[in-house]
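For reference, the structure discussed in these notes is given below.
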Amino acid sequence: VQHVYTRRLVIAISGVLVALTMLFAWVRTL
Amino acid sequence: MKRSFGQAVFWAGLYIGLSALPLALVLIGPIPPARGFWVEFAVGLGFVGLAMLGLQFALTARFRQIAAPFGLDTMLHFHRQAGIVAFVFVLAHPLLLLVLHPFFLEFLDPRSSIARALALWVALGSLVLLIVLTLWRRPLGIAYEWWRATHGVLALLVVFIGLVHVLRVGHYISVPWRQAVWVAMSGGAILLLLYSRLMKPLLLARRPYRVAEVRPERGDSWSVALEPDGHDGLDFIAGQFAWVTFGPSPFSLEQHPFSFSSSAKRAGRLEFTIKELGDFTAAIGRIPPGTRAFVEGPYGAFTLSPDATAAVFVVGGIGITPVMSILRTLADEGDRRQLLLIYAHASLDMMTFREELQELSTRLDLRIVDVLDDPPAGWDGESGLVDPRLLERHLSTLEPLDPEYFVCGPEPMMDVVETHLLGRGVRLRKLNSERFNIA
């Protein structure tokens, strides 16, 4: 189960990183 | 030390910060004109993916301080999952760019630059190979030590080419200080690899052990006793494990994680109990006494808190080893806390530590529930699989004490037990589990 939490953590972190990358791309177009 | 939510948030935040650092670097100082949202997004994914690949080296450098709250097996699981995400990010970088502008195909076209195309194809090929060899190592029949050797080399190749690619494209990195930061970050990753593959074995070489005894145990297992050779050994907490190398050289790639099975109170002599499973462990019984050995550790958070009021161990087969260390240590300490051991094994004959567990149950407040896969005629105890109904029959006596739970055994058993315990309201910080498929 700890590994289920690890997987969820990685998924959450990946989501944040994709969002940050999108924010970066958006800031660049300003 | 036990994991806490705060620590998890801190390390997750640091991981995100370091992965996104290249994006922040781009936005500081002079910036070239933008090339549209999706191109910038694809470039950003490349940066983040490469930073994540660099961080992979830190996750496997086995830093005890970072691994302590979560357990090294969780760290390596994170490494595995994060590696897949980094792979997707890095691969999405060229794919998105090619879809957006076929012009980018020039990067992979040997006719425009043979060196550049070759390097990028090698990097992409290495990355794919890295993932395939890791996810399908066993079906492909690749030995662990060969996988470990190629894993390091391929990872190094990918990060090195990645760095050269970033510097050569130079769109964002033309300013010298930015180049310096990138070289420093990649250098850091390479240093981490050198640390774990070169420095650590050199340090281990100064603290050798020798095999003092190899004795057979029930259940096709062997207990291997090691004694320090010219130093005072190491201290561990009962329930932890170490990476062990047998043979003259600490540089051997045949380094395997084994749980200590001996009492933590007898640090002058370390014992590991190992079941004959793979090629390597099948030969354990033939290791001659006097053989040199190296012990890297201790690692792991499968340990009983000093303030725990009681403990429940649910164990299958050779998963008994870390629990044996805990029980032996508690007996040496004269502990009087209530303990329950639910121990699933094939048969009474195959029950590793059968006699000693009986003896321990007289010295400790320990109740043992045997769960036999193959019960003899007239057996009136538990048999079959460890399922929720079986757990319910035995857990209720200890439940008012809010015990700590320890689960170690085959994957399907662990899934059932962990799910059931969490379902009946056991908090995650009270649930310790150890999985051995980490390597």
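For the protein sequence lines, the chains are W and E, in the order given. Residues in the first sequence are numbered from 384 upward in steps of one, following our numbering. Residues in the second sequence are numbered from 16 upward in steps of one, following our numbering. Idealized CB from N, CA, C, for every residue including glycine. Quantities reported herein were computed from a predicted structural model and do not represent experimental measurements.
For residue i, three-class secondary structure by DSSP
{"i": "Gly-21 (chain E)", "result": "helix"}
{"i": "Ser-34 (chain E)", "result": "helix"}
{"i": "Ala-170 (chain E)", "result": "helix"}
{"i": "Pro-265 (chain E)", "result": "coil"}
{"i": "Ala-454 (chain E)", "result": "Any reading at Ala-454 (chain E) must be qualified, since the residue scores a pLDDT of 49, below 50, and its modelled position is unreliable; no value is offered."}
{"i": "Trp-26 (chain E)", "result": "helix"}
{"i": "Met-16 (chain E)", "result": "Note that Met-16 (chain E) scores a pLDDT of 40, beneath 50, so its modelled location is shaky; the value from the coordinates is reported in the next line. Note: Met-16 (chain E) maps to coil in three-state DSSP."}
{"i": "Lys-290 (chain E)", "result": "strand"}
{"i": "Tyr-187 (chain E)", "result": "coil"}
{"i": "Pro-231 (chain E)", "result": "strand"}
{"i": "Val-179 (chain E)", "result": "helix"}
{"i": "His-246 (chain E)", "result": "coil"}
{"i": "Trp-197 (chain E)", "result": "helix"}
{"i": "Leu-70 (chain E)", "result": "helix"}
{"i": "Thr-318 (chain E)", "result": "coil"}
{"i": "Arg-152 (chain E)", "result": "coil"}
{"i": "Ala-134 (chain E)", "result": "helix"}
{"i": "His-116 (chain E)", "result": "coil"}
{"i": "Arg-301 (chain E)", "result": "helix"}
{"i": "Asp-380 (chain E)", "result": "strand"}
{"i": "Asp-124 (chain E)", "result": "coil"}
{"i": "Gln-353 (chain E)", "result": "strand"}
{"i": "Phe-85 (chain E)", "result": "coil"}
{"i": "Val-329 (chain E)", "result": "strand"}
{"i": "Asp-385 (chain E)", "result": "strand"}
{"i": "Arg-307 (chain E)", "result": "strand"}
{"i": "Ala-97 (chain E)", "result": "helix"}
Residue i and residue j closer than 8 Å at C-beta
{"i": "Ala-76 (chain E)", "j": "Pro-37 (chain E)", "result": "no"}
{"i": "Ser-398 (chain E)", "j": "Val-386 (chain E)", "result": "yes"}
{"i": "Phe-251 (chain E)", "j": "Ala-227 (chain E)", "result": "no"}
{"i": "Phe-78 (chain E)", "j": "Leu-219 (chain E)", "result": "no"}
{"i": "Phe-295 (chain E)", "j": "Ile-335 (chain E)", "result": "no"}
{"i": "Leu-416 (chain E)", "j": "Ala-298 (chain E)", "result": "no"}
{"i": "Glu-55 (chain E)", "j": "Phe-407 (chain W)", "result": "yes"}
{"i": "Arg-230 (chain E)", "j": "Asp-364 (chain E)", "result": "no"}
{"i": "Pro-418 (chain E)", "j": "Ala-316 (chain E)", "result": "no"}
{"i": "Glu-449 (chain E)", "j": "Asp-88 (chain E)", "result": "yes"}
{"i": "Val-100 (chain E)", "j": "Val-393 (chain W)", "result": "yes"}
{"i": "His-435 (chain E)", "j": "Leu-406 (chain E)", "result": "yes"}
{"i": "Leu-60 (chain E)", "j": "Ala-97 (chain E)", "result": "no"}
{"i": "Val-329 (chain E)", "j": "Ile-357 (chain E)", "result": "yes"}
{"i": "Ile-188 (chain E)", "j": "Val-179 (chain E)", "result": "no"}
{"i": "Pro-263 (chain E)", "j": "Pro-216 (chain E)", "result": "no"}
{"i": "Ser-211 (chain E)", "j": "Thr-288 (chain E)", "result": "no"}
Top-ranked residue by Cα proximity to residue i, from the options
{"i": "Arg-193 (chain E)", "options": "E:Pro-415, E:Val-401, E:Leu-42, E:Arg-408", "result": "E:Leu-42"}
{"i": "Leu-111 (chain E)", "options": "E:Phe-52, E:Arg-131, E:Leu-171", "result": "E:Phe-52"}
{"i": "Lys-445 (chain E)", "options": "E:Phe-421, E:Phe-287, E:Arg-439, E:Phe-62", "result": "E:Phe-421"}
{"i": "Tyr-314 (chain E)", "options": "E:Ser-274, E:Ile-299, E:Ala-326", "result": "E:Ser-274"}
{"i": "Lys-290 (chain E)", "options": "E:Gly-300, E:Gly-64, E:Trp-161", "result": "E:Gly-300"}
{"i": "Leu-91 (chain E)", "options": "E:Phe-104, E:Gly-61, E:Leu-74", "result": "E:Leu-74"}
{"i": "Leu-142 (chain E)", "options": "E:Leu-172, E:Glu-311, E:Phe-85, E:Thr-377", "result": "E:Leu-172"}
{"i": "Val-198 (chain E)", "options": "E:Arg-50, E:Phe-175, E:Tyr-358", "result": "E:Phe-175"}
{"i": "Ser-411 (chain E)", "options": "E:Arg-439, E:Leu-60, E:Ala-392, E:Gly-393", "result": "E:Arg-439"}
{"i": "Glu-121 (chain E)", "options": "E:Val-259, E:Ala-132, E:Val-184", "result": "E:Ala-132"}
{"i": "Thr-165 (chain E)", "options": "E:His-246, E:Leu-68, E:Leu-145", "result": "E:Leu-145"}
{"i": "Trp-394 (chain E)", "options": "E:Ser-362, E:Val-168, E:His-180", "result": "E:Ser-362"}
{"i": "Asp-350 (chain E)", "options": "E:Ser-320, E:Ala-282, E:Ala-27, E:Leu-217", "result": "E:Ser-320"}
{"i": "Leu-70 (chain E)", "options": "E:Trp-258, E:Pro-272, E:Leu-206", "result": "E:Leu-206"}
Residue i CB to nearest heavy atom of the ligand MN below 7 Å
{"i": "Ser-397 (chain W)", "result": "Questions concerning the ligand MN fall outside what the structure shown contains, since it holds no ligand whatsoever."}
Cutoff 8 Å: residue i Cβ touching any chain W Cβ
{"i": "Tyr-30 (chain E)", "result": "yes"}
{"i": "Phe-56 (chain E)", "result": "yes"}
{"i": "Ser-34 (chain E)", "result": "yes"}
{"i": "Gly-59 (chain E)", "result": "yes"}
{"i": "Ala-204 (chain E)", "result": "no"}
{"i": "Arg-450 (chain E)", "result": "yes"}
{"i": "Val-63 (chain E)", "result": "yes"}
{"i": "Ala-27 (chain E)", "result": "yes"}
{"i": "Gly-51 (chain E)", "result": "yes"}
{"i": "Leu-42 (chain E)", "result": "yes"}
{"i": "Gln-22 (chain E)", "result": "no"}
{"i": "Leu-38 (chain E)", "result": "yes"}
{"i": "Met-16 (chain E)", "result": "Its pLDDT being 40, under 50, Met-16 (chain E) is placed unreliably by the model, and the measurement read from it follows with that caveat. Output row for Met-16 (chain E): interface = no."}
{"i": "Ala-454 (chain E)", "result": "Low local confidence applies: a pLDDT of 49 at Ala-454 (chain E) is under 50, so the model's placement there is unreliable, with the coordinate-based value given in what follows. Answer no: the Cβ-Cβ gap between Ala-454 (chain E) and chain W never drops below 8 Å."}
Proximity test, Cβ basis, 8 Å: residue i and chain C
{"i": "Leu-207 (chain E)", "result": "Judged by its chain identifiers, the structure shown contains no chain C, and its protein chains are W and E."}
Check your understanding: Which of the residues in the stretch 85 to 113 of chain E, read from start to end, lie with their CB under 7 Å from any CB of chain W?
Key -> Those residues of the stretch 85 to 113 of chain E that come within reach of chain W (Cβ to Cβ, closer than 7 Å) are Thr-89, His-92, Phe-93, Gln-96, Ala-97, Val-100.
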